[in-house]
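In the working numbering, the protein residues as written are 1012 to 1343.
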């Protein structure tokens, strides 16, 4: 949209009537009138991560529309003013900025380019932002298709898990053009803290793959340390407390180390999703002629967890694979 909304957006009811100054989210300037209008956000993918992210946009005063393609949106978001409409194309028609937050590359392809997909509802000047974690190679293909429709595209995967999504403290790694990034930045700022344009389309996803390598290997290292210390007779909670004051301190030791000790494996980020991300890393490494030996080993530990029924547990449950080999559970 350029300066004013189309008929689809204009007819949408707003949530909360007139918002006070400073609480209306992103605005776009009209060159002819200098007036501002609020951008409507279409949000597709209201899962563990997407639901709190959309909630922050609603709290900030955005009009947010979602598709009831698979299920009804969460009741708490509806109570905040989320508008539910039928079909991804309808979301694209109604919104100025469309955000996708779905599990994997095939799902993004289906949402964007499948029957009644986002692409069929786009008009020139709209912005599509994929915040899923998917293939950098396919991302470039998706971006080209969206650009050919006269729209901008950003790949903007996130890190921080469910905790970061709920706290609006996500790290957001963005690939795309400067002008699209500047337009999206006020939206990103409602969902995250560390927001970086790292390069052209695809580079955001490459950065996320690199992030997932580092996260997986750090989880594995902490799991090894706690299994070792616990089986040697040390209190793992006190070991973790001591390590938090030294060079080994990290956010993963803080959050995931506690999960391992307390056996709190309800998913913030599922093992099966981290397996998907490490598959992207290993496939990319093969194409680049790069060796990732520890990434490969960690993937095998995730595979062991999945083979033992843990695919949907939090990725901190990787510790279970090491515990099985040690014949010892952390905390025993």
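Virtual Cβ for every residue (Gly too), placed ideally from N, Cα, C.
Residue i burial status per 10 Å Cβ neighbour count (16 or more: buried)
i            : result
residue 1064 : buried
residue 1216 : buried
residue 1087 : exposed
residue 1029 : At residue 1029, the pLDDT of 35 sits below 50, so the modelled position is not reliable; the number obtained from the coordinates is stated separately. So residue 1029 ends up on the exposed side.
residue 1112 : buried
residue 1191 : buried
residue 1255 : exposed
residue 1147 : buried
residue 1244 : exposed
residue 1319 : exposed
residue 1260 : exposed
residue 1334 : buried
residue 1310 : buried
residue 1161 : exposed
residue 1258 : exposed
residue 1137 : buried
residue 1042 : With a pLDDT of 40 at residue 1042, under the threshold of 50, the modelled position of that residue is not reliable, and the figure given next carries that caveat. Residue 1042 comes out exposed.
residue 1104 : buried
residue 1020 : With a pLDDT of only 38 at residue 1020, under the threshold of 50, the placement of this residue in the model should not be trusted; the figure read from the coordinates follows. With 16 or more other Cβ atoms within 10 Å, it is buried.
residue 1143 : buried
residue 1050 : buried
residue 1184 : buried
residue 1078 : buried
residue 1187 : buried
residue 1212 : buried
residue 1336 : exposed
residue 1251 : buried
residue 1234 : buried
Unbroken beta strand (DSSP E) run spanning residue i, endpoints
i            : result
residue 1072 : Residue 1072 -> no beta strand (DSSP E), and no H or E assigned at all.
residue 1054 : 1051-1055
Residue i, enclosing alpha helix (DSSP H) - first and last residue
i            : result
residue 1304 : 1304-1318
residue 1083 : From DSSP, residue 1083 is part of no alpha helix (DSSP H); its letter is neither H nor E.
residue 1263 : 1262-1273
residue 1334 : 1330-1337
Paired residues, beta bridge with residue i - DSSP
i            : result
residue 1281 : 1325
residue 1078 : 1096
Length at least 3, wholly inside the region 1162-1247: the beta strand (DSSP E) runs in chain order: 1163-1166, 1181-1186 and 1203-1210
Runs of 4 residues minimum, wholly inside the region 1094-1148: which ones carry the alpha helix (DSSP H) assignment? 1099-1105 and 1116-1124
Quick check: the region 1325-1334 against the region 1276-1291, are there 3 or more CB pairs under 8 Å? yes
On the three-pair Cβ rule with 8 Å, is the region 1177-1185 touching the region 1150-1157? no
With contact counted as at least three CB pairs below 8 Å, one residue from each stretch, are the region 1188-1206 and the region 1152-1171 in contact? yes
For the region 1292-1306 against the region 1123-1136, do three or more pairs of beta-carbon atoms, one drawn from each stretch, fall closer than 8 Å, so that the two count as touching? no
Indicate whether the contact test is met: 3 or more Cβ pairs, each with one atom in the region 1051-1063 and one in the region 1093-1110, closer than 8 Å. yes
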